[in-house]
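If you read the sequences in order, they're chains F, E, H and C. Under my numbering, the first residue of the first sequence carries the number 1, and numbering increases by one thereafter. Under my numbering, the first residue of the second sequence carries the number 1001, and numbering increases by one thereafter. Under my numbering, the first residue of the third sequence carries the number 2001, and numbering increases by one thereafter. Under my numbering, the first residue of the fourth sequence carries the number 3001, and numbering increases by one thereafter. Here a beta-carbon is modelled for each residue, glycine too, at the ideal position from N, C-alpha and C. It should be emphasised that the depicted structure is a prediction, and the values quoted were computed from it without experimental measurement.
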Amino acid sequence: MPTLTKPILKIHNLRKQFPGVLALDGVDFELTAGEVHALMGENGAGKSTLIKVLTGVHPRDSGRVELDGQTIAPTSPSAAEGLGISTVFQEVNLIPRLSVAENILLGRQPKNAIGAIDWKTLYQMATQTLTRLGVELDVRKQLAEYSIAIAQMVAIARGIALDAKVLILDEPTSSLDEKEVTHLFTVMERLRNEGMAIVFVTHFLDQVYRISDRITVLRNGRLVGTWPTGELERLDLVEHMLGRKVPQLSAQRVGSAAVPSSKISAKPVVKAQGLGRRGSVHPFDLEIFPGEVVGLAGLLGSGRSEVGRLIFGFDSATTGTLEVGGNQVVNWSPRKAIDAGIAWCPEDRKLDGVIPQLSVRENIVLALQSARSIFHPLSRAKQNEIAQRYVAQLGIKTTSLETTVGTLSGGNQQKVLLARWLAMEPKLIILDEPTRGIDVGAKAEIENLVAELSAAGVAVLLISSELEDLARCCSRVVVLRDRRIVAALDPSSDLEQNALDESAIMKLIAHHND
Amino acid sequence: MTQDVNLKKNRLGWQPPPAFYALLGLAALLLVNWFCIPSFFEIQVRDGNFYGSLIDVFNRGAIGVLLAIGMTLVVATGGVDLSVGSVVAICGAVVAIVLTTTQFGIVVAIAAGLLAAVGAGAVNGILITWLRIEPIIATLVLMVSGRGIAKYIAGEQTVAVPPELASPTLDFLGNGHFLGLPFPITIAAVLFVVTLLVVRRTSVGLLVESVGANPSASRACGINDTVVKLTVYVFAGFCAGLAGIIDLANIGIADPTNAGALSELDAIFAVLVGGTALTGGRFSLTGAVIGALLLQTLMTTLYTWGVPSDVAPVPKAIVILLVCLLQSPTLRSWLERTLRGNRKMGSRQVEASS
Amino acid sequence: KDQAAGGDAGDKKPTIGFVQTGDLSDWRKAHTQSVKEAAEAAGYNLKFADGQAKLENQVKAVSSFISQGVDAIIIAPLEVSGWDNVLEKAKKRNIPVLILDRQVEVEDDSLYVTYIGADTYNEGILAAKWLVEKVDGKAKVVELQGSQGASPTINRRDSFLEVIKDHPGIEIIASQAADYELTKAKEVMEAILKAKGDEIEVVYAHNDYMALGAIQAIEEAGKKPGEDIIVLSIDGMKSAFEAMVAGKLNCTVECNPLQGPKAMEAIGKILAGETDGIPKKQMVLDKVFDQSNAAEEIGSRKY
Amino acid sequence: MSFIARGNLPLLATAAVLAALFGAASLCFDNFCSSYVISDLFSQNAFLGISALGMTVVILSGGIDLSVGAVIGFTTIFVATLITQCEFSPWLAWTVALIVGTVYGAAMGATIHFFKLPAFLVTLAGLFFARGMAFFVTQQSVQIRNDVHELVSGVAIPFGQTEIGFTTILFLVLLVTMACVSNFSTFGRAVLAIGGDEESATLMGLPVARTKVAVYAINGFCSALAGIAMTLYMDSGNPINAIGLELDVIAVVVIGGTLLSGGVGSFTGTLLGFLIYGTIYQITYFANVGSSIATIAIGALLLAFILLQQILAPR
Ligand SMILES: Nc1ncnc2c1ncn2[C@@H]1O[C@H](COP(=O)(O)OP(=O)(O)OP(=O)(O)O)[C@@H](O)[C@H]1O
Ligand SMILES: Nc1ncnc2c1ncn2[C@@H]1O[C@H](COP(=O)(O)OP(=O)(O)OP(=O)(O)O)[C@@H](O)[C@H]1O
Ligand SMILES: [Mg+2]
Ligand SMILES: [Mg+2]
């Protein structure tokens, strides 16, 4: 632990106003060389904004930033890079149609004697940087050919490829699996030991306690405080973030216990037989009953999202059959799925989820509206009522119902998406990573919501990378490996009465005797 | 919850309605005319009909308005239709040919013309939705070949509709009067009101906007984006067909080369000036109509001033640019910041004095 | 390969390339028709291309005819300038060129064999003279010009000015281009009517289409074309004759489009190698028609 | 072997279509497969090709420029007027025209970037302005009679029975230069990155503002150069020159496989698109079809080609 001498980066009284939102309200922040400094806060607390204002993406309204004692005011990320601040932004910002190598070294490509780009060296350098992160792949291929997790690693590689004084990582681990996180932390530790100052934003408490030296908490655009990690209890941290007492996150399962009996009597909501799609998921069988919470577990890229997409009809199946409510369906499409009472919260909310230009109200009523005939629109009053109800229920932070969704923070956008589907009052709701990028409070709310839905007889298909959540919420967990359903954990029918817990799921995921 | 800080309403967060800047441009132009060409605002009654430059603006502008209405919905879905000018020519040629070479009469001729226009729109829609060709390219194909088709239909010449075949219906469509106003104005107004009602009183508007803003997410909401897109291109074709008929009726001659030439650019301009972004999503029909009228006012003004039509594009470009700059978010936020700076100073003084 | 350019190849029909402007007026249609019919009658194989009203397309078409090795090329140019390079190329390959209808301006006259066309300069003079007589040397005139830069526009404007120079009572109060188009002429005329209103006594249009557009605008303004405002134009299309019979148009100066036979006669001589006997410039004669003789002529109009 | 990778498939398909078109035409028409036609393919369209190179840069960066035809038209009349009326030496006139074109492009680029306006709209205004200014300079054509001008337009390399003209050489030199810049300079890669995703490019610290302005400036330069090529080609300037040429230019670039959404494409593709376009025109002249059929055919071929690309290179 280096002695906390003079801070390398000093932010004083930073203020940033967006139309309708005061995103940063006089924030102070200090960063010392050779530390990993965690920046924590609820969704919309202003973490990303602090970073974007610091690096010149957004102009600041007032405040002072000092780097190495010099007052700085970068007007663009490139200017910030020039000053020695390297940043990996929250939404993975890369160019999918360029090669992996170029994405890592864009803007600072090695040149040969005549000033032309030296492609050979470039590929070598990119490969080296990735190797440092424990990733090995063909850097000449287009980035688009790789998964979102790889893209996140590439973004990080880009961040560390620059010899910077300050490295900022805004939620770098949200799409990474355990192995990749470990690699990243090894690299971060080495950089810290080399004297680099690192800002680390995440919602994973475990990770914060594993890697960080100090923690700064923001709430509603204001600084709550900065503490050495060792001196801040987890519970206190959460309370600082929320500004209130932690809601009861019971260690027990929130899933309904009444499921098994209903399973015998009721017809399944959906029943997939040999359903599959060439190139993305192998044929599988799956039944989901009313009131059941079925979890899908597996490593990144194991095909969980694909299962959800197939059942919702967003992708078309190439083999197998699907029965919904006892009837076999043909030409399955989202339109028909919605009519049949199936809802789908996608994993990629930017792409398949929210409609950024439309208002909160319109986004919430959209699915409801599209299910009605175009000549029977919901009245404005009715729309407002529905939207208002869910904004209140889910605690969506928005200035008004007419705010455009694109300006909400990531977590709040996710909640709007949830509201849209809850408004449909579905029979089955497919939640793909619903807690990704969501703060602790909201996470508990969503878990409670799942329990409520289940109690009300709604079936839930929960796709999540967080085994803890799966173990807590699900009545049954189905495990995928290599795009294939390989096992199921079903306490009610399991003769050996295996408990449904994290370690059991983990064992099944990791099981590879073949 | 203690959200009051975040929810503090920004007093300067007022967003003008999309049509605001087009209206501002129109007002400025009219003001210039007010001082420079007083006769511009004179309206006389001749033979029971209104007569004057302003009436001309609406009358000549009717075609632009029709095209802009169709184009608005297309642009709102994130597309663009470059072929409308050619469709105007095709429709005119079909009507004229059916009238002059067959015995079917005016109603069938007009129906055939509209059918051709709607068909052209459907072709655009199919290329864009089923074959997934980019809208600019797909409609470029019809823009290029459409003039050829119109020429081919017309037999490589202009087709004059003799008065005995044109009157009275066709002539009335182009030159008749209703409530003392030229009939094209009525057609444009009716189409505008009907479209506005359909779009805003049903959920069509919302569907179009969501498809334009995020097609993939719209599909996930159960919206059939293929149908939505197909419909707007067909509608744009229909609007172009109406414009073609008015154009033909107005002069009694179908001219495949010149009918609707460059009108697609004017229509796109009207839509954009009216506050609809080329990237799709939110749209404003009223804005587009005002945009079209702004263009026509400008052209009529220039003709009245005697500016040669060849040089007329220069002031047109300047007006386009000015209106666009007014809409620019950068310029707006700069203005806002300057204003806010002043206010902040004001409020500080208040604090100090209290 | 060059053998085709040399001249008559025995039993093979000579091939003539014809580049038309590509505008769609009735006049142009009659002009094209005349050339096509005359070529057929003379037993030539005619290759037709039009420039779609773009000069660069015309040049491309001519160049392509040269590449194809046709025996002769007829050009009806859109514009006076821009022809030197491609004509030089034709000369290099020994392909004779005949200019039809509109004149070209080249440094070296020998680049083309002959020019055959209507005397557009004379047309303006005839129109102006008719007007001077009709109004007794006093009138306020609106001039509707054709496409800028085309030789007929230039000639019809200059010659008209040339005549009225001597008649100070005749004054041009407005002059605007309407590109030989009906719609544009109507729109331009509407605006002029609003601005100059009751002053206007005469409309001089560079072609019949624009006159027809102006007539429509005048009628909509509640005036009687032909009576309240005198309308005169150039071309002598059938529709102009109809307007004259209806009393809406006062005068049209004919610009004869039937230039095909004369062109083929010249081509025949060229292919036979008798280039010396061909004059550099041949004019097709123009006549003036007004309401007094329109009715008897209208029956014999084909275009 | 690695050339036949997935990324090059569209390019290969384009080349195959060109070969098929040219081959079929050579079989159908006498004299088609000759040095005359091949030299014509380049020399008759060199101005189009030069402009298409500039447009490729713009489209790669995710933009569009509708003003090219008008700027070309303006340049022809501007240069012609400077040389004949103002008695500038051609060299000076060309320099002035190139500077004007570049500055005009840069101004449009700056307006697009700094005021965050759609390129379509700004360059549409640019189209109207430049065309109007062309007619403002003079309303009719101006013939250039100047020895230097004639000398330069006469520069040629022998090729078969005919020759390769100066404008063709200009086009080919520019093509090679731009392909190199695109592949071997940080600027070229930044253009692709901005076309791929402008927001990401900004956050990745690329000089977005500078690059975007430069892209439009380069296109302005190319338009002016194309205008000069056109004056050399026709020895005259004319305000109506190149009306509607922007559509042809865009068609050439798109046929060449450059995506209008930006970020994907190549200059080799543009060369192929340019040759396909020229071949289609040549075919219509050889086939002696009326102009209406010719335009329909060009539209149909354009469509067929786009569809073919769509099939061969999904996504
Ligand atoms: N470009 C913008 N325009 C308007 N408001 C914005 C913009 N960017 C952020 N905001 C607002 O600023 C506030 C802070 O957002 P920020 O993205 O910094 O949150 P965050 O702490 O990163 O949250 P999360 O953990 O969800 O990513 C939010 O209320 C958000 O709606
Ligand atoms: N359209 C596609 N074409 C080819 N491969 C695909 C396609 N869509 C998905 N895949 C591949 O299918 C596999 C399963 O993807 P899916 O997104 O369903 O996994 P996941 O378990 O949800 O992982 P993640 O949490 O990363 O989303 C991945 O390896 C992915 O790369
Ligand atoms: Mg954030
Ligand atoms: Mg997934």
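Measuring straight from C-alpha to C-alpha, what distance separates residue i and residue j?
i, j, result
"Glu1209 (chain E)", "Gly2260 (chain H)", "59 Å"
"Gly1025 (chain E)", "Leu1322 (chain E)", "8 Å"
"Phe1020 (chain E)", "Gly1274 (chain E)", "8 Å"
"Leu428 (chain F)", "Val269 (chain F)", "7 Å"
"Ala2211 (chain H)", "Thr2120 (chain H)", "17 Å"
"Gln486 (chain F)", "Val478 (chain F)", "This sequence places Val at residue 486 (chain F); Gln is not what is there. Approximately 8 Å between the Cα atoms of the pair."
"His240 (chain F)", "Pro228 (chain F)", "14 Å"
"Pro2096 (chain H)", "Ser3035 (chain C)", "21 Å"
"Ala337 (chain F)", "Asp469 (chain F)", "26 Å"
"Lys267 (chain F)", "Val293 (chain F)", "15 Å"
"Gln2068 (chain H)", "Gly2247 (chain H)", "51 Å"
"Gly3256 (chain C)", "Leu3021 (chain C)", "15 Å"
"Gly1061 (chain E)", "Ala1292 (chain E)", "7 Å"
"Gln393 (chain F)", "Pro346 (chain F)", "21 Å"
"Met3108 (chain C)", "Leu408 (chain F)", "33 Å"
"Val450 (chain F)", "Gln414 (chain F)", "15 Å"
"Ile3099 (chain C)", "Val3152 (chain C)", "20 Å"
"Ala2127 (chain H)", "Ser2147 (chain H)", "19 Å"
"Glu502 (chain F)", "Thr399 (chain F)", "39 Å"
"Cys473 (chain F)", "Ala456 (chain F)", "15 Å"
Quick one: list the residues of chain H neighbouring residue i, beta-carbon separation under 7 Å, in chain order.
i, result
"Gly3234 (chain C)", "The residue you asked about is not Gly; residue 3234 (chain C) is Met in the sequence shown. Chain H residues near Met3234 (chain C): Val2059, Gly2082, Asn2085."
Could you list which residues in chain F have their beta carbon closer than 7 Å to that of residue i, in chain order?
i, result
"Thr1202 (chain E)", "Ile374, Phe375, Pro377"
"Pro3207 (chain C)", "Ser78"
"Ala3214 (chain C)", "Going along chain F, no residue has its Cβ under 7 Å from Ala3214 (chain C), so there is no contact; the nearest lies around 15 Å."
Nearest to residue i by CA position, among the options, is which residue?
i, options, result
"Ala1154 (chain E)", "E:Ile1110, E:Thr1195, E:Ile1253", "E:Ile1253"
"Gly3262 (chain C)", "C:Pro3207, C:Gln3161, C:Ile3099, C:Gly3063", "C:Gly3063"
"Thr1279 (chain E)", "E:Ile1149, E:Ala1120, E:Pro1215", "E:Pro1215"
"Thr1100 (chain E)", "E:Pro1168, E:Val1319, E:Pro1163", "E:Pro1163"
"Asp236 (chain F)", "F:Leu205, F:Thr403, F:Ile211, F:Arg222", "F:Leu205"
"Trp3091 (chain C)", "C:Glu3150, C:Thr3211, C:Asn3238", "C:Glu3150"
Given that residue i touches chain F, what residues does it touch there, using C-beta distances under 8 Å?
i, result
"Cys1221 (chain E)", "Pro334, Ile338, Leu366, Ala367, Ser370, Arg420"
Find the residues of chain E that neighbour residue i, judging by a C-beta separation of less than 9 Å, and give them in chain order.
i, result
"Gln3310 (chain C)", "Leu1131, Arg1132, Ile1133"
"Thr2183 (chain H)", "Asp1247, Asn1250, Ile1251, Ile1253, Asp1255, Asn1258, Ala1259"
For residue i, return the contacting residues in chain C, with the cut-off set at a CB-CB distance below 7 Å.
i, result
"Gln2068 (chain H)", "Asn3031, Phe3286"
List the residues of chain E whose Cβ lies closer than 8 Å to the Cβ of residue i, in chain order.
i, result
"Gly2222 (chain H)", "Arg1046, Asp1047, Tyr1051"
"Gln3282 (chain C)", "Neighbours of Gln3282 (chain C) on chain E: none; closest Cβ ~17 Å, over 8 Å."
Which residues in chain E have a C-beta closer than 7 Å to the C-beta of residue i? List them in chain order.
i, result
"Leu83 (chain F)", "Here the premise fails: no neighbours, minimum Cβ distance about 24 Å."
In chain F, what lies closer than 9 Å to residue i by C-beta?
i, result
"Val3264 (chain C)", "Arg97"
"Thr3211 (chain C)", "Result: empty, since nearest Cβ-Cβ is about 10 Å, beyond 9 Å."
Fill in: Complete runs of the alpha helix (DSSP H) confined to the segment 1227 to 1306 of chain E [at least 4 residues]
1263 to 1273, 1285 to 1305
Worksheet item: Quick one: complete alpha helix (DSSP H) runs, 4+ long, within the segment 3202 to 3249 of chain C?
Response: 3208 to 3234
Fill in: Every unbroken alpha helix (DSSP H) inside the segment 290 to 352 of chain F [4 residues or more]
Given a length threshold of 4 residues, each whole run of the alpha helix (DSSP H) inside the segment 290 to 352 of chain F is given here in chain order: 304 to 312, 334 to 339.
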